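K.L.:
Chains X and U, in that order, are what the protein sequence lines are. Per the numbering used here, the first sequence starts with residue 32, numbered consecutively. Per the numbering used here, the second sequence starts with residue 3, numbered consecutively. All C-beta atoms in this analysis are idealised placements derived from N, C-alpha and C, irrespective of residue type, glycine included. Everything numeric in this text was worked out from a predicted model, so none of it was measured.
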Amino acid sequence: MTPLWVALLQEAPAGALTARADDVAGRRVGLLCLWRVTGRPHPDAMRADPRICDDAGPRCVVSLASTPSSGRPIADDPAVVHARRSVLRDGRACAVTLLTDDPVSIAGALTIARAERPDEVAALRDDPFARLWTSRLLAIGPGVLGVPVRPTGPSLERYSGQPWPYDRFWNQEG
Amino acid sequence: MVAGTTLPDLELPDHLGHVRRLADLVGGDPTLLHFYRGWWCPKERQFFHRLVDLQEDAEVAYTRFVSISVDPPPVQAAFRAGLDARWTFLSDESRRYIGELGLQETTDTVHDPYLPTCLVVGPDLVVRAAYNGYWYWGRPTMDELRRDFREMTRSLRPDWQPEST
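#1: What residue from L169(X), Y197(X), P109(X) and L187(X) has the CA that sits closest to V180(X)'s CA?
#2: If contacts are defined as beta-carbon pairs under 8 Å, then A138(X) and S97(X) qualify, I think. What distance do you get, rounded to the angstrom?
#3: Measuring alpha carbon to alpha carbon, tell me which of P118(U), V122(U) and R82(U) ends up nearest G140(U).
#4: Could you check whether the segment 117-130 of chain X touches the segment 98-108 of chain U, counting it as contact only if at least three pairs of C-beta atoms, one from each stretch, sit closer than 8 Å?
#5: Step through the CB atoms of chain X and report whether any lies within less than 8 Å of the CB of R47(U).
#6: Measuring alpha carbon to alpha carbon, tell me which residue in T65(U), Q48(U) and V123(U) is nearest T8(U).
#7: If the cut is a Cβ gap below 9 Å, which residues of chain X does F67(U) touch?
#8: Grab me the residues of Y190(X)'s own chain with a C-beta within less than 7 Å of its C-beta, minus the 5 sequence neighbours each way, in chain order.
#9: In this structure, what does DSSP give as the bridge partners for H36(U)?
#10: Per DSSP, what kind of secondary structure is R97(U) in: helix, strand or coil?
#11: Hey, out of E46(U), Y138(U), T167(U) and G30(U), whose CA is closest to P160(U)'s CA?
#12: I need the boundaries of the alpha helix (DSSP H) containing R52(U), first residue and last residue.
#13: If you draw a straight line from the alpha carbon of T2(U) to that of F151(U), how long is it in whole angstroms?
#14: Rounded to the nearest angstrom, what separates L158(U) and S71(U) at their Cα positions?
#15: Run down chain U in chain order and give the residues with a C-beta less than 7 Å from the C-beta of F200(X).
#16: Give, in chain order, every unbroken run of the beta strand (DSSP E) that is at least 3 residues long and sits entirely within the segment 77-123 of chain X.
#17: With burial defined as no fewer than 16 other Cβ atoms inside 10 Å of the residue's Cβ, what is the status of P182(X): buried or exposed?
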């Protein structure tokens, strides 16, 4: 599957799906930008589980947790593993994906709730990744996110270094 | 239910009420499909403790579990949380598949549950190993499951024996 890249930017870049991102007070924060391309399309772009992208998706609310660029944890850092276990045990959001800077480093996590689902939005307040890193809640316009991505468990390893919870090795993709 | 049977692609609500398909839950990995009577059965609780112990190996071994019962999703969610299980539970509260699978426990006319059964299945939904757990000792030991998972992983992964340099 073609990699998916995600970035929060101020200007709309060429070739990206974009949707306005507002903070909880309704102030514009920027544009959530998604690309389906092989190589990194922008210096701020991070890889995500490609299944979260939906160009017909609804309005969403997301918890965007970001690690400091000066000190990215490795994917198998015990704190990251424990947060993934928490998602498997308790996760009630529509979708979740780790954001990766490279095959070994974690740049953050994006947890997605559909705006019309109060139960999913409420679950964002207990985002396990928000306990680890700086996070913010953002309202995202329609047309970029929203396909339910729910891992099976208990397996939580990354497949061929791809952002969790994507769950196929490269040689298993249809 | 015996080895070699191809399962239907079950479509059932999970413990949170989201409809899931078995093929999506199995993905490309060895999977334990575990039918259990219900939260109230002490034999099930005992067996779940064994599976919960095994889940930390499964989580690093690209191996999945799915548990199915006739309990409604909210009951499953509470039971699952109490067990600290981190895999998907499916609810067949309406007994949609219990007859088709031939897994109705006819001796319990109160709960009308699934016959306790463990199936080791692969991405093609073909049963590789089957254990009838009506009597507790019919259930697989964790060592037996490990051997089943090893054999299936060996057959699924083309790089089981990687080339050495």
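P.N.:
Let me spell this out:
#1: Reading the first sequence from its first residue, position 149 is the one you call residue 180(X). Nearest C-alpha to V180(X): Y197(X).
#2: For the purposes of this step, residue 138(X) is identified with residue 107 of the first sequence, where counting begins at 1. For the purposes of this step, residue 97(X) is identified with residue 66 of the first sequence, where counting begins at 1. That pair is a contact at about 7 Å.
#3: Residue mapping note: residue 140(U) aligns to position 138 of the second sequence, counting from 1. Closest by alpha carbon: P118(U).
#4: Touching, no.
#5: Within the second sequence, the letter at position 45 stands for residue 47(U). By this cut-off, R47(U) is not an interface position.
#6: The residue given as residue 8(U) occupies position 6 in the second sequence. Considering only alpha carbons, the answer is V123(U).
#7: Within the second sequence, the letter at position 65 stands for residue 67(U). T183, G184, P185 and S186, listed in chain order.
#8: Against the first sequence, residue 190(X) aligns to sequence position 159. Excluding positions up to five away in sequence, the list reads Y197, D198, R199 and F200.
#9: As a position in the second sequence, residue 36(U) is number 34, starting the count at 1. Note: H36(U) sits in a beta bridge opposite S69(U) and C120(U).
#10: As a first step, residue 97(U) must be located in the second sequence, where it is residue number 95. Reduced to three states, the DSSP call for R97(U) is coil.
#11: The count along the second sequence starts at 1 and reaches residue 160(U) at position 158. Nearest option by C-alpha distance: G30(U).
#12: Stepping through the second sequence from its first residue, residue 52(U) is reached at position 50. Taken as a continuous stretch (DSSP letters only), the alpha helix (DSSP H) holding R52(U) covers P44 to A60.
#13: The first residue shown for chain U is 3 and the last is 167, placing residue 2(U) beyond what the model contains.
#14: Sequence index remark: in the second sequence, residue 158(U) carries index 156 (1-based). Sequence index remark: in the second sequence, residue 71(U) carries index 69 (1-based). Between L158(U) and S71(U), the C-alpha separation is close to 28 Å.
#15: Reading the first sequence from its first residue, position 169 is the one you call residue 200(X). Chain U residues near F200(X): G30.
#16: Contiguous beta strand (DSSP E) elements confined to the segment 77-123 of chain X occur at 77-79 and 91-97, taking only those with 3 or more residues.
#17: Counting from 1 along the first sequence, the entry for residue 182(X) is found at position 151. Buried, since its Cβ has 16 or more Cβ neighbours within 10 Å.
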